[in-house]
Amino acid sequence: MAWQYDHTHFKCSDHEKTAAFFTENFGAKEIARWETNGMPILSLEIGGCLYNFSPKRANETVDTSTGTVRHGVYHIALKTKDLEAEAAKMKARGVRFTQEVKQLNPKTKFAFIEGPDGISIELLQRD
């Protein structure tokens, strides 16, 4: 049996605010909105990948801790061709950097930002 990546789903304290963050900072495109079992879901496409966002339900909590490594999704990574320029735009919009742009090796630069609800996002440039 062959498997293929389909999507990543985030539970958010405010799924509209989170979707707006990804649209503003990564050029995400809204694909669809629907409801499943009483839960609204908003789908965005970023770089050919699908990301779903929904609000937490009354009996759920959203883990916003970023201080230590935890089980589950550690971070997502999005890459660009000019990390320095994109980082400058994000800083101008007030995005919080948890790791400034750093040269990892001669062909790779990276940085980390904190998205809504503490989502850790790695920014990459691979030449």
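The sequence shown begins at 0 in numbering that gives the first Met the number 0 and counts up by one. Note that the Cβ used here is the ideal one computed from N, Cα and C, for glycine as well. Bear in mind the structure is a predicted one, so any value in this text is a computation, not a measurement.
Rounded to whole angstroms, the gap between the alpha carbons of Lys101 and Asn36 is 44 Å. Assigned with DSSP and collapsed to three states, Lys108 falls in strand. Here Ala57 carries a coil assignment [DSSP, helix/strand/coil].
If you look at Ala76, you'll find it in the beta strand (DSSP E) that goes 75 to 78. For Tyr50, same chain residues with a beta-carbon under 6 Å away, outside a window of 5 residues either side, are Thr7, Leu43 in chain order. In the three-state reduction of the DSSP assignment, Asn36 falls in the coil class, being assigned neither a helical nor a strand state. Beta-bridge pairing by DSSP links His6 to Leu49.
Excluding the 5 residues flanking it on each side, Phe109 has same chain C-beta neighbours closer than 7 Å at Lys101, Leu103, Glu121, Leu122, Leu123, in chain order.
In the structure shown, Ala18 adopts helical secondary structure according to DSSP, grouped into three states.
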